[in-house]
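So the structure is just underneath, and the comments pick up after that.
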């Protein structure tokens, strides 16, 4: 069998049904192999930065493995942005890079880049050294990507290997490692601490999503009566409309949430590294009686010193903890009331922004109106930037795989390509991309991919003709003018841009119009862009919620 055919066969055997990429002369043997099959699809992006973000959106929204393929050098390096995003988010990808031939390496061949260039943006970087080892190395890479903590793995395959017929080494039977189980003594210690607390809280991170452990999280929260505070990467692992939901820990975390956490007498942090973004550089006070559950031992003691540290899978630990707590008397009372009080305080702080109903409206008003027009079961992707921070506090989410949100890498221009990946993974669900005009211009070429692939995705773009989150900071802290980094004098015409690429376009300016227009866009067939003008001079979440 030709190596190119064996590579595609191995991907399909690992339940990969979509390969994201941009074809080049070096990848054509793989594209030929795909063209002869009906069980795997090739989605062609317009820029390699989008390739890895498409795969990230696929994996984040499905919980499965995603795959990419790019050409050497420029293609590979363009994809690094999304690979780093996936690494930070512990998202499983297998990234196939067609490498320079071994006998040309070091001779400045076309697109040649030293393979170790990519070491720091992936979980592991695998270079195939012999034709015979290609499939075994590919399977090893897949296993590494799927072994918790999951992540992206790069596989460099020399381009001259792909068209070869070779006797391929059999990788044999493989099974990624099972996630680590917690020690019984640690679970007992954690249960004793939490059961004795009168005001416990739970901080839930993206590790809960990675472990598919939202039901286990809910069981422990309800048994303890503990308010839950998802981190920005954990948003949607616990429903926003649950009566124990307390608020999201993010750049826009406000005074009410901080005070609630500071007055707790015990905390369970699960699937989180308590990073600098969530915890405002660790200025948020966390109780001394802290139980910290994470898969990465290096997270323990970073920012906070836990009373009980557990290096284990979030799902297995939560299940064991729930069993242990069932045998104990729970001291806590009133958790639902405290969670409600915190939500009400945040809601009151948003009231003035929500009340703006004449164009240009605020992000809060716009996002809540969009939420009213989006079905509960839709997959929603968010971009980085000011709109994302407002979405974290003002856009309700309900299911862990139905909200795709960039983590600490926070790269702009990821929402649209991740929506493409999410739609490929979830063809029967509505998919909506939320993005600001600054972020959209960083991936605007992918509107054409949407049209070319006839993907029924609704792109909601909030237009304020400004990098508003930067302009606001520049004015407030650096004596610059209002709207310093705006382009108000040359506003973009997104209806012309999107329609020129083959999308239907709509526009809405008031909350009622937004809800109706977004609902109509979702009901229509094919990709649609909805433009919503917002106020470039509105306050930013990180400032407003802390005043």
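In UniProt numbering, the protein residues as written are 1 to 547. Cβ coordinates follow ideal geometry from the N, Cα and C atoms, glycine included.
Determine the burial state of residue 271: buried for a count of at least 16 other Cβ atoms within 10 Å of its Cβ, exposed for fewer. buried
Using DSSP with H/G/I as helix, E/B as strand and the rest coil, what is residue 246? coil
For the region 420-431 against the region 383-393, are there 3 or more C-beta pairs whose distance is under 8 Å? no
For residue 281, count neighbouring C-beta atoms within 10 Å of its own C-beta (all shown protein chains included) and say buried if the count is 16 or more, exposed if not. exposed
For residue 43, which of helix, strand or coil comes out of DSSP? strand
Secondary structure at residue 65, three-state DSSP: helix, strand or coil? coil
Throw me the rounded Cβ distance for the residue 228 and residue 221 pair, which I believe falls under 8 Å. 5 Å
Kindly indicate which residue of 76, 302 and 187 has the alpha-carbon position closest to the one of residue 24. 76
For residue 313, which option in 331, 414, 397 and 294 has the closest C-alpha, if you only look at C-alpha atoms? 294
Cα separation between residue 494 and residue 531? 7 Å
In this structure, how does DSSP classify residue 161 when only helix, strand and coil are distinguished? coil
Take residue 389 as the anchor and find which of 406, 400, 374 and 401 has the nearest alpha-carbon. 406
Is the beta carbon of residue 195 sitting closer than 7 Å to the one on residue 284? no
Whole-number beta carbon distance between residue 147 and residue 176, since they are thought to touch under 8 Å: 5 Å
DSSP three-state label for residue 494, please. helix
Per DSSP, what are the beta-bridge partners of residue 2 in this structure? 165
Beta-carbon proximity of residue 216 to residue 335, cut-off 7 Å: no
According to DSSP, is residue 144 helix, strand or coil? helix
Report the start-end ranges of each beta strand (DSSP E) in the region 56-129 that is 3 residues or longer and not cut off at the edges. 66-70, 93-99 and 124-127
Spatial neighbours of residue 65 within its chain, please: CB distance less than 8 Å, with the 5 preceding and 5 following residues excluded, ordered by chain position. 14, 15, 16, 59, 92, 93, 94, 142, 145 and 146
Helix, strand or coil for residue 131? Go by DSSP, reduced to three states. helix
Classify residue 486: buried if its beta carbon has 16 or more other beta carbons within 10 angstroms, exposed otherwise. buried
Taking the Cβ atom as the reference point for each residue, do residue 134 and residue 126 lie within a distance shorter than 7 Å? no
Evaluate contact between the region 359-372 and the region 532-544, counting only Cβ atoms and requiring at least three cross-stretch pairs below 8 Å. yes
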